[in-house]
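Numbering of the sequence shown is given in our numbering, commencing with residue 59 and proceeding in unit increments.
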Amino acid sequence: MREYIKPRSLTFWAGLISIACGVLLGIHEANPLGWGPDALINMIGTDTSPAMLVTTGLGLIGIRRKLGA
């Protein structure tokens with residue numbers, strides 16, 4: 059598990075932000091949280107699902123691990 063956490067890697071942070079956005083949007087769809095997630099939805103676009111954001115984030119972190127360094 060430790061080899062997946064690379065705080066100095068831009069790919070790691072891009073994946074982590076993608077996962078966080080997907081989780082936030084998924085929670086917002088189930089129980090509206092106010093204006094903050096609505097602004098995030100408008101920035102990302104309405105055609106991206108929360109599941110796709112989480113999957114993309116996990117993929118980015120996995121690719122970073124596979125490439126090493």
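Where is the CB? At the ideal position from N, CA and C, for every residue including glycine.
For residue i, collect the residues of the same chain with a Cβ closer than 7 angstroms to its Cβ; drop the 5 residues on either side in sequence, then sort them by chain order.
| i | result |
| --- | --- |
| THR114 | SER76 |
| TYR62 | ILE119 and ARG123 |
| LYS64 | PHE70 and ARG122 |
For residue i, is the classification buried or exposed, using 16 other Cβ atoms within 10 angstroms of its Cβ as the cut-off for buried?
| i | result |
| --- | --- |
| LEU125 | exposed |
| ARG122 | buried |
Counting only C-beta atoms, is residue i closer than 8 angstroms to chain D at any point?
| i | result |
| --- | --- |
| LEU111 | Looking for chain D here will not work: only one protein chain is present. |
Counting only the same chain and skipping the five closest in sequence on each side, list residues whose C-beta sits under 6 angstroms from that of residue i.
| i | result |
| --- | --- |
| ALA93 | Note that residue 93 is Trp in the sequence shown, not Ala. Once the five neighbours on either side are set aside, TRP93 has no close Cβ partner at all. |
| ALA72 | LEU118 |
| ARG60 | none |
Going residue by residue through the region 69-112, where are the continuous alpha helix (DSSP H) segments of at least 4 residues, counting only ones entirely within it?
Within the region 69-112, the complete alpha helix (DSSP H) runs of at least 4 residues fall at 93-102.
Below 8 angstroms, how does it come out for the region 105-123 and the region 78-91: are there three or more Cβ pairs, yes or no?
Contact holds between the region 105-123 and the region 78-91, because three or more Cβ pairs, one in each stretch, are under 8 angstroms apart.
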